[in-house]
Amino acid sequence: MNHNDTKRLSRLTAILTQLQTKRLLTASELAIQFSVSKRTIYRDLKALEQAGVPILTEEGKGYLLMEGYRIPPIMFTESEANALITAEQLILKNKDASFVKEYSEAINKIKSVLRNTTKDKANLLSNRIVFRQNMENDRTSNFLSPLQLALTNFYLIKIKYHAPDTNQTTERIIEPFAIYSTQENWLLIAFCRLRKDFRAFRLDRIKNLTTLPEQFEPHKITLQEYFEICKKKTFSQPLT
213 MNHNDTKRLS RLTAILTQLQ TKRLLTASEL AIQFSVSKRT IYRDLKALEQ AGVPILTEEG
273 KGYLLMEGYR IPPIMFTESE ANALITAEQL ILKNKDASFV KEYSEAINKI KSVLRNTTKD
333 KANLLSNRIV FRQNMENDRT SNFLSPLQLA LTNFYLIKIK YHAPDTNQTT ERIIEPFAIY
393 STQENWLLIA FCRLRKDFRA FRLDRIKNLT TLPEQFEPHK ITLQEYFEIC KKKTFSQPLT
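Going by the working numbering, the sequence shown opens with residue 213, and the numbers climb by one from there.
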């Protein structure tokens, strides 16, 4: 196999992996990513189809895999496994219990497909790497995982939220919009139906959370636009 064949095989594998990872891919973004022409990408997609990969086309949108199609488990290099283990140790220090639980279960599934030699080295690394933050492994919230699901499925959330400045706890129905992290806390940006505006809620101040069956219309604003609005209002941090 010559160098060009090796490069193409690597590109075909990467395209297949991305098709499984993303909902839609366009020929233009693939061409830019791999520094080839769109015509080359079209040939690559044709080659994958001829190899039995069920690639569908959404007119004017892009390419996707047929629902339910899965490629065999991907083999990780030692460096890729090390990156995952390093991320695991960082996440284990996170203060949201639901996030730690979900990631731990996911990483265990990933570890199960590692080659034995890579797995042994990954286990060694996990015992030799430490992040000196949250050394007590405090868990101050347990709502990140259900909030992520509500955010991506546009479900309303009912919360009881404690504001320490007024020492009051209020019940609110909110439309989750975005999640971001500071060094100390997770924050949820949501449209608050009580205040009739976007607010930021610290997860460690949410005392109770219920995902409601009712869905809301997705907001047209982007996260960057939200931050720009906050900046124009001269707020150093979004209101809660």
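Glycine included, every Cβ here is placed at the ideal spot set by N, Cα and C.
Being a predicted model, the structure only gives us computed values, none of them experimental.
Is residue i helix, strand or coil by DSSP?
i	result
K223	The amino acid occupying residue 223 in the given sequence is Arg; Lys does not appear at that position. Correct three-state label for R223: helix.
P376	coil
T423	strand
L399	strand
T252	helix
I441	helix
P450	Unreliable placement is indicated for P450, whose pLDDT of 49 sits below 50; the coordinate value is still reported in the next sentence. Note: P450 maps to coil in three-state DSSP.
S353	strand
E383	strand
L228	helix
I369	strand
I433	coil
R405	coil
F413	strand
S247	coil
L361	helix
L236	coil
Give me the Cβ distance between residue i and residue j, rounded to the nearest whole Å; I'm assuming they're in contact under 8 Å.
i	j	result
I319	E300	5 Å
Y275	L236	7 Å
I418	Y373	6 Å
P358	S310	7 Å
Q259	L221	Strictly speaking, residue 259 in this sequence is Ala, with Gln absent from that position. Wrong, their Cβ atoms sit about 10 Å apart, outside the cutoff.
V312	L302	11 Å between Cβ atoms; not a contact.
Does residue i pass the burial test, meaning 16 or more other C-beta atoms within 10 Å, or should it be called exposed?
i	result
L435	exposed
I441	exposed
S448	Summary for S448: the model assigns pLDDT 49, below 50, so the residue's position carries little reliability; its value from the coordinates is reported in the next sentence. S448 should be labelled exposed.
L361	exposed
A295	exposed
E261	exposed
T329	exposed
A412	buried
N306	buried
I371	buried
R165	With the chain covering 213 to 452 only, the question about residue 165 has no answer from this structure.
L231	buried
L424	exposed
With a CB to CB cut of under 8 Å and the five nearest residues on each side skipped, what residues in its chain are close to residue i?
i	result
R405	R384, I385, I386 and E387
S393	L399
Q427	N365, F366, Y367 and L368
P376	R417
L268	Y275, L276, L277 and M278
L257	I227, A239, I267 and Y275
E270	L236 and L276
Looking only at its chain, what residues have a beta carbon closer than 7 Å to the beta carbon of residue i, apart from the 5 residues adjacent to it on each side?
i	result
P430	F366
L242	I227 and I253
N354	D308, A309 and S310
L326	F288, A293 and A334
K331	K323
I'd like the list of long-range same chain contacts for residue i, defined as Cβ closer than 6 Å, with 5 residues on each side in sequence excluded.
i	result
A334	A293 and I297
A390	I401 and L435
R414	N397 and L399
What are the complete alpha helix (DSSP H) segments, minimum 4 residues, inside the region 257 to 332? List check, alpha helix (DSSP H) in window: 290 to 303 and 309 to 323.
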